[in-house]
Amino acid sequence: MNRTLADFQAAQQQQAAINAILLRGGRTMSSSSVITPEDVLESLMNDGTIDALRLKIINQLKANLKNTTIKMAEESKVFNTPGAEKQTKRELFDALRQELELAFVNLVLALCGPGDSVVMFQPYYFNAYMAFQMTGVTNIIVGPGHPDTLYPGAGFSLTLSIIFFHEVLTQKTLSESKPTPKIVTVVNPGNPSGTYVPEPLL
887 MNRTLADFQA
897 AQQQQAAINA
907 ILLRGGRTMS
917 SSSVITPEDV
927 LESLMNDGTI
937 DALRLKIINQ
947 LKANLKNTTI
957 KMAEESKVFN
967 TPGAEKQTKR
977 ELFDALRQEL
987 ELAFVNLVLA
997 LCGPGDSVVM
1007 FQPYYFNAYM
1017 AFQMTGVTNI
1027 IVGPGHPDTL
1037 YPGAGFSLTL
1047 SIIFFHEVLT
1057 QKTLSESKPT
1067 PKIVTVVNPG
1077 NPSGTYVPEP
1087 LL
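In terms of the working numbering, the sequence shown is residues 887 to 1088.
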């Protein structure tokens, strides 16, 4: 086997990195030690690296969302049409709603096909229901909304027997539905209700 000097140096650098991770996690190793992926993960968790990585990922996702929102506003035909500044708030809202409805239809077209299943909650915006219908989705499962708060009834079983509105719609429940739902839609703030669903419930 021909190993070049570069291969040898790369292996040494990799071993040095593993050793550094283990030392930060309070572990040592001898030359005869066998390092498993679990050893490295445990050391990363012990030294706080995992939490730092999670925070970095969350911050990047937030930055991406902000940049995407700014880009959408910059590219919006509604906001960038000559004379938009003279329109009333209602006129701008209606034009923007039409743009967003088209965006939702495109999302459904990208993710769903004929015969697919989706989940939505009452009260729902009729255009979302129609977007699913026109895509050929045949199994539109409508979950209940809580009668007082109008929050999504996230605990309903997909056989449509209501459990409790505050329970979580589990992956197991979703996987038991055939076909498995491609999309679970929650509109927040609710349309037409205007109800804001708190983040812990989402």
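Glycine included, C-beta positions come from ideal geometry on N, C-alpha and C.
Classification of residue i by the beta-carbon crowding that lies within 10 angstroms, buried from 16 upward
{"i": "T1024", "result": "exposed"}
{"i": "P1067", "result": "buried"}
{"i": "F1012", "result": "exposed"}
{"i": "T967", "result": "exposed"}
{"i": "F1007", "result": "buried"}
{"i": "A897", "result": "exposed"}
{"i": "G1080", "result": "exposed"}
{"i": "T974", "result": "exposed"}
{"i": "F1018", "result": "buried"}
{"i": "P1038", "result": "buried"}
{"i": "P1086", "result": "exposed"}
{"i": "T1071", "result": "buried"}
{"i": "D1034", "result": "exposed"}
{"i": "Y1082", "result": "exposed"}
{"i": "D1002", "result": "buried"}
{"i": "G969", "result": "exposed"}
{"i": "G1031", "result": "buried"}
{"i": "G1029", "result": "buried"}
Residue range of the beta strand (DSSP E) that includes residue i
{"i": "V1028", "result": "1025 to 1029"}
According to DSSP, residues forming a beta bridge with residue i
{"i": "I1069", "result": "V1004"}
{"i": "P1038", "result": "G1031"}
Residue span of the alpha helix (DSSP H) that contains residue i, given as start and end
{"i": "D980", "result": "975 to 997"}
{"i": "N1013", "result": "1012 to 1021"}
DSSP state of residue i mapped onto helix, strand, coil
{"i": "T1081", "result": "coil"}
{"i": "L1088", "result": "coil"}
{"i": "N953", "result": "helix"}
{"i": "F1050", "result": "Caution is warranted here: a pLDDT of 33 is assigned to F1050, below 50, making its placement in the model unreliable, and the coordinate value is therefore given only provisionally. F1050: coil per DSSP, three-state reduction."}
{"i": "N1074", "result": "coil"}
{"i": "K942", "result": "helix"}
{"i": "K972", "result": "helix"}
{"i": "K948", "result": "helix"}
Residue-chain proximity (residue i, chain D), Cβ-Cβ < 8 Å
{"i": "N1074", "result": "Protein chains in the displayed structure number just one, and chain D is not present."}
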